[in-house]
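The structure appears right after this line, and notes come after that.
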Amino acid sequence: MNKFTGHLTTVLRHRHMVMRHCMKAGLLRRGLLHDLSKFSPTEFIPGILYFQGNRSPNEKEREISGYSKAWMHHKGRNRHHFEYWTDYSPVTRQLEPVRMPDIFIYEMFCDRVAASKIYNGDSYTDDMPLQYFLHAKQKRIIEKHTSDKLEFLLRLLAEKGEEAAFRYIRYDLRKRRR
4 MNKFTGHLTT VLRHRHMVMR HCMKAGLLRR GLLHDLSKFS PTEFIPGILY
54 FQGNRSPNEK EREISGYSKA WMHHKGRNRH HFEYWTDYSP VTRQLEPVRM
104 PDIFIYEMFC DRVAASKIYN GDSYTDDMPL QYFLHAKQKR IIEKHTSDKL
154 EFLLRLLAEK GEEAAFRYIR YDLRKRRR
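According to the numbering used here, the sequence shown is numbered sequentially starting from 4.
In structure tokens:
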């Protein structure tokens, strides 16, 4: 498989899996809009150039260039990434993480589960997204509520399975709409 076909296939498989997860969670609109920026030239071309099949092309781009232009473009346009949610604090006058709205935390959960499934293939287990999250937890610049809520969902997935996690999200969304 060439790099173009490999990258396109990976992006499409990931997007479709996130869409399915978002539908199970009651987030139809978020699923339909998920990661459309990956088809922009700024993200798609480096995705082809740095495609490896077993990890994000952004990692390879960082190794070669010292940064990932594709990732900076992506995180700046997709609110389901906690990195999007930073701003200058009027108190500290420094760049700080801010609380994500829950709907984007839920989409981020669907995204992380789908990415784990795509990159781990048949060896995927429901504790893999949690282990990936915990691996870099201390280094991550993320607002506390956002981190705690995502970790709660990932633990729910690891301990009780996908259906329990999606059921919780649907319940919370219905509760908020009342």
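Glycine included, every Cβ here is placed at the ideal spot set by N, Cα and C.
For clarity, every value in this text was computed on a predicted model and none was experimentally measured.
Per DSSP, the bridge partner or partners of residue i
i: residue 99; result: 90
Selected residue, minimal CA-CA separation from residue i, among the options
i: residue 168; options: 77, 45 and 132; result: 132
i: residue 56; options: 17, 80 and 93; result: 17
i: residue 80; options: 40, 130 and 44; result: 40
i: residue 47; options: 90, 92, 11 and 110; result: 11
i: residue 119; options: 37, 15, 135 and 146; result: 135
i: residue 151; options: 98, 108 and 75; result: 108
i: residue 149; options: 84, 67 and 19; result: 84
i: residue 75; options: 139, 95, 43 and 175; result: 43
i: residue 22; options: 179, 104, 64 and 115; result: 115
For residue i, three-class secondary structure by DSSP
i: residue 30; result: coil
i: residue 151; result: helix
i: residue 146; result: coil
i: residue 196; result: The displayed coordinates of the chain run from 4 to 181. Any statement about residue 196 would go beyond what the structure contains.
i: residue 38; result: coil
i: residue 124; result: helix
C-beta neighbour in chain B for residue i, strict 7 Å
i: residue 118; result: Although the question refers to chain B, the structure presented lacks it and comprises just one protein chain.
Pairwise C-alpha distance: residue j and residue i
i: residue 87; j: residue 143; result: 13 Å
i: residue 52; j: residue 122; result: 18 Å
i: residue 112; j: residue 19; result: 15 Å
At a cut of 8 Å, does the region 161-180 reach the region 120-130 through at least three beta carbon pairs?
yes
Are the region 21-30 and the region 58-74 touching, with three or more C-beta to C-beta distances below 8 Å?
no
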